[in-house]
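Participant: The numbering used here numbers the first residue of the sequence shown as 26 and each following residue consecutively.
One structure coming up, written as structure tokens, with questions to follow.
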Amino acid sequence: MGGKNKQRTKGNQRPSNSGRAAELLAKERGTVPGFIGFGTSQSDLGYVPAVQGAEEIDSLVDSDFRMVLRKLSKKDVTTKLKAMQEFGAMCDERDAEIVKGVLPYWPRIYCKISLDYDRRVREATQIAFEKLILKVKKHLAPHLKSLMGYWLIAQCDTYAPAAIAAKIAFEAAFPRSKQSEALVFCKDEIINVLQDHLLKETPDTLSDPQTVPEEEREAKYFRIVTSSMLALKKLLCMLPSVELTSLEEKLRPLLSQNKFWKYGKHSSPQVRSAFFELISALCQYVPQSVKAESSKVSPAVLVNIDESDPVVCPPLWEAVLYILTTIEDCWSHVNPKKNVFPKLSTILSEGGGGLATVIYPYLLPFISKIPSATIDLNLEFFRNFFSYITKGLSTERILTSQSERSAVISAFFECLRYIMQQNLGVKEESVKMQKMLINDQLIPFVDTALKDPRLQNEQLFDQLSETLNSWETKAEAQGDDTVVNTLKNVLKTFWTSLSEICLQKINAQETDGKSLLGISTLLEVLQRAEDRWKQSKKKVSKVRFIEEAPESSTENSEEKNKTDIYSEENIEESEFCWDENLPIPVSHLRKGPLYDLVCKLAEQSIVHIGELRSEQHLGFLSSLLKSFSSCQVFQALLDLAREKNASESLTPLPQEIGRPVRENPAIQFMYHRLMNWLGEDKKQNTDFLVDILYSILSCCETNTERKNILDDLTKLDLKWNILLRIIQKACSSSYKHLLVSTWLKGDVLGEKLVTLADHLCNKDLEVGVPSESSERWTLLSLVLSQHVENDYLIGEVYIERIISKLNAALSKAKHVSEVGNTESPVSFICDVASNFFISRKECCLMPSSEELLLTIFQLCAQNQDFTHLSDSIVCKLKHTWLCGLHSLVLQFENANMHSTFLHSSALWLKNQIQSTSLDVKSLQVMMFTVDDLLNNLLEAYNSHFLLRLYVENIMPSDSEWENMRNSLSTQWLHKPLLEGRLSLNYEQSKTDSKEHNTVKLPSHLCTTALLSKIVLLTLKEEIILEDNKTEKIIAELLYSLQWCEELENPNSMLIEFCETLQGMGITYDNLCMLSKIPGLLQLIFIRSRDTGKLWALTISKLIHSKNILPDDLKQLYKTTEGFFPVTEGSLHTVQSLSPFLPLEDKEELVNQCTARLLTCTNKDLCNIDGSFGYLSILNSCLRKGSIDSREKLYGILKIIMSWKSDHEDIFLFSCNLKEASPQLLGLNIEIIRLLSILLKYSSSLLVDGDWDFIMCSMLAWLETTSENHALYPVPLVQLFACVSCDLAYTLSAYFSSISSNLPVNLISEWHEFFSEGIHSLLLPLLVKITEESKDTSETSFQNSVLIPLGETLTYISKDQLLNHKLAIRLKPDQKTNLPERLQTLLNTLAPLLHFRARPVQIAVYHMLYKLMPELPRFDDDDLKSYVDEEEEPALSPPVALMAVLGILEDLLENILECYPVGEFAVIQPLSEEFCYVLGYLLTWKLILTFFKAATSQLRALYSLYLRRTKSLNKLLYHLFRLMPEIPTYVGSAVELPNKETKTFFTEELHLHVRETLSSQIPHLACSVYQITLKDLPAMVRLWWNSCEKRVFNVVDKFTSKYVSNMLSFQEISSVQTSTQLFNGMTVKARSTTREVIATYSVDDIFIELIIQLPLNYPLGSITVESGKRVGVAVQQWRNWMLQLSTYLTHQNGSIMEGLALWKNNVDKRFEGVEDCMICFSVIHGFNYSLPKKACRTCKKKFHSACLYKWFTSSNKSTCPLCRETFF
């Protein structure tokens, strides 16, 4: 071996010495040994398998295993854990031959790592070892001896999972029969390993002190020592007995070492516990070795008897007993008086120190093994011994722990019996011992228990009874007379002493209730036989033995487990119930003194009750009599009463009582004493008195005697709570019920209970409920709900009568308000009824109970507003209803059962929904209640039959359905009439057209809703109803829904009704999806064809929603011939089906109607089966233009024109409609509609004569419309006005869109005559209508004419507006430059901008929009008067618009004030707020249009006015509440993915009269904001800069994101496309950089300016930068740049307008006009004036506005330059 840096000799192929050694070992042993690597210490040696040597040795260990084995030698816990898991997986996965190669190295690794500090590593090691064993199996045998010692230690690991894993591995290696053999084979090696660990190893030898902390070293050492001792114990237990002898020699070195015996005093509890366990095992298996070391063993164990550790104590006391039994002379090696018994007394005085359950069971065997020679076991010793036990029992720890109390008590009595058994002689010492045990120990012990209730319910009395039983048994046995006499004397002494302490306690001045309770419990226990007591206590204390008991005892035990909600002490009563008729083998030695004691105590109790009225003594007496119910006790009480007869008068017995009964002392006691006590008004004594009563009853011989006694009691005027407690106790025990069963079924009690029910139900409902009545209600509930052997407590006839009383009272409750009274009679009745329904399945079979359930159902199904019941009462009613319903469903299991409830409830429901008006809430309550009923009925076995029966009872007849449909309001007709979906030629009667009720729902809606709920359930359950009831009900529901949908403006109640149906799942889709559509469709079609109207609309909706094909539809009517002759039903059916009819059928209908028109006579023109009907069908079929109708329409026109010449009177031209018949109105309406369709599809065929007829007729009809506006409330007149205006609108639209193909004369006639005529009629008509109905909604039928009227007026021309013929309307205080006619028009139309109808607002906006560009020129003429004013001038926009704006501003403040700026306020369409917001935005749109049309000078004046009034600021704040945060435009067309998102700013706004979109307000707000930014940028910029920070950021972010780019682009584009020419200045624009370059050149002067738009244009300031400049001074150049920047920033206009203003200013400068020396500009930046006001001193000129501002701000009248007074 050389140094580190030495080179190996060249060619030296010989390995090093260690390598040669390995090779040598391999040759000798055939395996490659492992080598110990050099770790940080000697104790932590790393293992590295050898890899040098021959190839055959190299191949023994797999390379992967070598890597894993190296990892196992690492110190890191995680590395070792993962390596061991990997090793186990490899053992599981690899072949057995590969795994076998690891075996030579495994023992060394296992022995080291199985003791690792980390418990996870130890567990993983054992798991891996198991996998290795399962793989190599018997090949492990050669390595067992090196493994077994550590393997056994691992099986005793203190970490349970590791120990379990080691045991599993051991069992996997050896079956149970071979395990001992394996241990025998390795026992020498095991002993060596264990001895080394116990004697040689230390914490520092097991772990490296330099790297392992001291705490870990000690913990590992303690664990290994503990496991080693437990392993030795395990070895002793598992070795065969023949091997134990040879093992003794091996153990001698261990037992002879003092270090081993010191483990008994070790600081670790685990080590001490293992040591004592090992001592016990040594005593058990190798006693000779222990005896040889008795001098060391005895002190090591006995001296440690005061061990207080819960881990060490159990094995210590076990070792103590083993030592006492194994080593006879163990006491000779210790000083018991000094080292043992003082420690024992300390333990007992402290109650075991929390270890009583461990220590006290060892006391009896411990004292039994103490030899008398060792210590004097005299009287004093045992007196002290028991006094220590008694003292320990009184410690708080013992008293609070049930298990420890039991252990102490058991030990006391066991030791007492043992010592008494040892001292049953007649010697003086024995007699003293007996007296000491009874008088000084047992009696005080019992006395202690009587004082403390915590000791009364434990084993103490039980142990005392067992002790007495054992003495009595021995005293009665035939044997040694000495023993018998001694025990009799002992028992006599006991009873004498016990009597003394009991009498002393009962006669004490301050009687302790706890003591009395203890005495009664003690006596109750002592009077029971041993067998019976153990039988009853078995279930409680789990005694491990059981003896046979009488059969009745089992029955009583079963009764004990029954629950009674009325009696808290029921378990106690049933457990201790005693029947004197049963044989109870009580010893005569006990019975005599026991009963004598009971009689004395009872007598004393009577004395105290009589003298002191002591409740405690009464309770004690009742307890005594309950346990000792015998005539002997009652006789003693009577004797006592007779002794005091002179001072007290006894109540005489009734005469009817027979002599045998009179002689019964119990009955005498009842009449003499108990009757008086019961009559006293002391509620707290009731339980005691009732217990005494049951004791008396048990002494009666027959049931007749008991019944007579109880009947006498019942007839007395006793408190109801006495009867309640009697019956409650009867329910708690079958024995007690047997005593009173005859009385319970009797008439006396039944009649009294019926009287009670009547009194409670009537009196309490009227007067109110006293608090004490709750007991009486409880009594009623008890007798109704409790059952014994499936029978009622009282007679069934009385049950019926009581239920009837409850039902009658509940029926009255709906008229009595119970709000806020939680203890109302209704509440009590609910409690009673629910208990009654729950108690028995067949309870609903009684008629009265079904009537009660019906009443409860009615109360639950009615709204609280009607019943006036509180929420709590309703909840109780619902609970009661569900209980009764469940009971009813259960009884339906009987197929022969016939219930009247279902029939009665169905009829009541039918009456409610048909004849009683319900609101939505009432209907909801009813439907929820019916839903509960139906869902419970589904649980019945015959649910299908029941549901069909229920529907049958509720279903109205056909006539009833018809009446309900007729009762619906006909308001629904208005909407389909206006839309042309239905046609009528007669007026509805006044009763039919009445407004529908806004408070109550129509009966048809209620009926269909309820039945639909039922049908929905039947459809889901696939229940088929007879006679197509399902289809009929669904058809009626669809009719109801259609009625709601067709109403023009449904009230909130109907909306809530539809939402309720939606919430309950009663929807169009649900019903149609589950039902059979063909049958439903056929049914509705038949009804539609018969009656038309709403049925026709219903079938149309059904066909549309279900997408029924035309071919399927044709199956309904087969051919079109079925629609003729035309009736109202067939007409409406065709009109509704026309959109869905096949084309060929439509053409057939058109052809037939056209042909029939030709043959119509004069009298048939207005009939349904005449021209009116045919035209209606034609209009419906031709409206959509789906068939080629050009020729047909033209032919129909010719027919109508022929009527003009033949029957001119049928046309309502310029006439009074008061005299016109509805038939004529209907015919004219259809003619007008046909003409509108004609213009749409066949206008190309018209000639001049046709046009004249159409236009002249249109104008004549409009005249009729205008003249009869007062009749618009009449539906047909309103409809006539609508279609007339529609025709005018159609013609206006036609002539405005197509003019090239028409004759010139026709167009001129239109513009000169017809158009003028239309608007001269309609504009005044609009004014008249709006004046007459200012507050009517646009959705109302009366204002339906406003839509076509407004549409037509949008085509009015500007000239027609200016030449209007409206009445003059001027206001004296208006300042205006407008002409009188124009101002009148504005004053008339502007207020209509906030009219409560959107069509009017839009129409007025379109009309005024045409006027706005004309208005500024009237202010322009008067401009000069403003220019020369000294103060800043301001000019108002049109006064009429500003007045409207002022009104709307206030309204919007109220609407939007709750929304912060930036939060989107959703405005509901058609609401009042919608109209106000719409009018406000439209007004601003008009003002901005007016502003844009004005000149720059006027705009300056207008903007100043807006700034002063702050109207613009208000607008901007409102806009940021009305614009959405993300203004995305949702169009109808499909968006392409590569296109930019459309917004309200990119899409143009179209305001149409007829459209109402939810997005209209947001879109309009965005449009107004965009125009404001574009036309008033300076004012918006000024407002933005004055906003608070949050609003500032919101506005900036929104504008930059959605508006700025678009406005910048428009501004740049306007510069690029501008045609404006400047002399000497050129302007160019760059769109990419948002720049405008202006070049100005005059003579030799050249100026270039660059204008840069900001990213948030126009909010941000526009920057002006200098380009090239030639011939301009720097100061002048700066002034000009400042002027341009000022113009662009502060003027409300475009960049081109700002440049023009700047150029004009520069031009004036070159023309010689001097600058104003205040603003340094030639042209004023606001009013564009020149400097004219000159100073007389310095001759400088100033702008008038600049001077005014100078004077007002400086408060001086001097010249700004020379400071002289300015004249």
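Using N, Cα and C, we set each Cβ at its ideal position, and we do this for glycine too.
Being a predicted model, the structure only gives us computed values, none of them experimental.
What did DSSP end up calling Asp783 once you bin it into helix, strand or coil?
Facilitator: helix
Participant: For Glu332, does the three-state DSSP call read helix, strand or coil?
Facilitator: coil
Participant: Can you give the Cα-Cα distance for Pro1785 and Gly1471, rounded to whole angstroms?
Facilitator: 41 Å
Participant: Express the C-alpha separation of Leu665 and Asp604 in angstroms, rounding to a whole number.
Facilitator: Only weak support is given to the placement of Asp604: the predicted model assigns it a pLDDT of 39, under 50, and the value that follows is read from those uncertain coordinates. In a straight line, the C-alpha of Asp604 is about 26 Å away from that of Leu665.
Participant: In angstroms, rounded to a whole number, what distance separates the CA positions of Val945 and Glu1573?
Facilitator: 45 Å
Participant: Please classify Ala1392 as buried or exposed, where buried requires at least 16 other C-beta atoms within 10 Å of its C-beta.
Facilitator: exposed
Participant: With 16 as the cutoff for other CB atoms within 10 Å, does Ser766 come out buried or exposed?
Facilitator: buried
Participant: Hey, out of Thr1043, Leu1122, Gly704, Leu1026, whose CA is closest to Cys1083's CA?
Facilitator: Answer by Cα proximity: Leu1026.
Participant: Buried or exposed: where does Pro228 fall if 16 or more other Cβ atoms within 10 Å of its Cβ makes it buried?
Facilitator: Counting Cβ neighbours within 10 Å, Pro228 comes out buried, since at least 16 surround it.
Participant: I'd like the ranges of any alpha helix (DSSP H) spanning at least 4 consecutive residues and lying wholly in the segment 1328-1387.
Facilitator: 1329-1334, 1340-1357, 1371-1378, 1383-1387
Participant: Would you check if the distance between the CB atom of Leu1407 and the CB atom of Leu1378 is smaller than 8 Å?
Facilitator: Going by C-beta atoms, Leu1407 is not nearer than 8 Å to Leu1378.
Participant: Nearest-angstrom Cα distance between Leu441 and Thr270?
Facilitator: Approximately 42 Å between the Cα atoms of the pair.
Participant: Keeping to the same chain, check which residues put their C-beta closer than 7 Å to that of Cys1787; ignore five residues upstream and five downstream.
Facilitator: Cys1760, Thr1762, Cys1763
Participant: Kindly indicate which three-state DSSP category Ile1048 falls into: helix, strand or coil?
Facilitator: coil
Participant: Assign Ser1691 to one of three DSSP states: helix, strand, or coil.
Facilitator: strand
Participant: Please name the residue, chosen from Lys1229, Asn1176, Asp1189, that lies closest to Leu1203 on a Cα-to-Cα basis.
Facilitator: Asn1176
Participant: Leaving out five residues before and five after Leu764 in sequence, what residues of the same chain have Cβ atoms less than 7 Å from its Cβ?
Facilitator: Tyr719, Leu722, Ser723, Arg731
Participant: Report the rounded CA-to-CA distance for Phe1776 versus Cys1744, giving the unit in angstroms.
Facilitator: 14 Å
Participant: Could you tell me the distance, in whole angstroms, from the CA atom of Ile1257 to the CA atom of Ser1309?
Facilitator: Going by the C-alpha atoms only, they are around 7 Å apart.
Participant: Whole angstroms is fine: what's the gap from Leu894's alpha carbon to Ser947's?
Facilitator: Going by the C-alpha atoms only, they are around 14 Å apart.
Participant: Would you check if the segment 1079-1098 and the segment 999-1013 touch, i.e. whether three or more CB-CB distances between them fall below 8 Å?
Facilitator: With a cut-off of 8 Å, the segment 1079-1098 and the segment 999-1013 do not count as touching, because too few Cβ pairs lie within range.
Participant: Does the Cβ of Gly1210 have 16 or more other Cβ atoms within 10 Å, making it buried, or fewer, making it exposed?
Facilitator: exposed
Participant: Closest by CA to Thr1688, which one among Leu1713, Ala1034, Ala299, Ser1201?
Facilitator: Leu1713
Participant: Considering only the beta carbon of each residue, do Ala381 and Ala344 sit closer than 8 Å?
Facilitator: no
Participant: Under 7 Å Cβ to Cβ from His969, same chain only, skipping five residues before and after it: list those, please.
Facilitator: Ile1048
Participant: Met115 by DSSP, collapsed to three states: which one?
Facilitator: In the three-state DSSP reduction, Met115 falls in the helix class (H, G or I).
Participant: May I have the straight-line CA-CA distance separating Ile189 from Ser88, to the nearest angstrom?
Facilitator: 31 Å
Participant: Can you tell me whether Leu261 is helix, strand or coil according to DSSP?
Facilitator: helix
Participant: Here's the rule: buried if 16 or more other CB atoms are within 10 angstroms of the residue's CB, otherwise exposed. What is Glu429?
Facilitator: buried
Participant: Could you give the DSSP three-state label for Gly845: helix, strand or coil?
Facilitator: With a pLDDT of 40 at Gly845, under the threshold of 50, the predicted position of this residue should be treated as unreliable, though the coordinate-derived value follows. Coil at Gly845, not helix or strand.
Participant: Candidates Leu1724, Gln1248, Trp1276, Leu1348: which alpha carbon is nearest Leu1260's?
Facilitator: For Leu1260, the nearest C-alpha among the options comes from Trp1276.
Participant: How would you write the range of the beta strand (DSSP E) that Gln1677 sits in, first residue to last?
Facilitator: 1670-1677
Participant: Using alpha carbons as the reference points, say which of Asn961, Leu1466, His904, Ser654 lies closest to Ser1812.
Facilitator: Look at the range of the chain in this structure, 26 to 1792, and you will see that residue 1812 is not part of it.
Participant: Would the C-beta of Glu705 count as close to the ligand FAD, meaning under 7 Å from any of its heavy atoms?
Facilitator: As far as ligands go, the structure on display features none, and thus does not contain the ligand FAD.
Participant: Roughly how many angstroms separate the alpha carbons of Glu594 and Cys756, rounded to a whole number?
Facilitator: Confidence at Glu594 is low in this model, with a pLDDT of 36, below 50, so the placement of that residue should be treated as unreliable; the coordinate-derived value is given next. For Glu594 and Cys756, the distance between alpha carbons rounds to 12 Å.
Participant: What's the gap between the Cα of Thr1783 and the Cα of Pro1756?
Facilitator: Those two C-alpha atoms are separated by around 17 Å.
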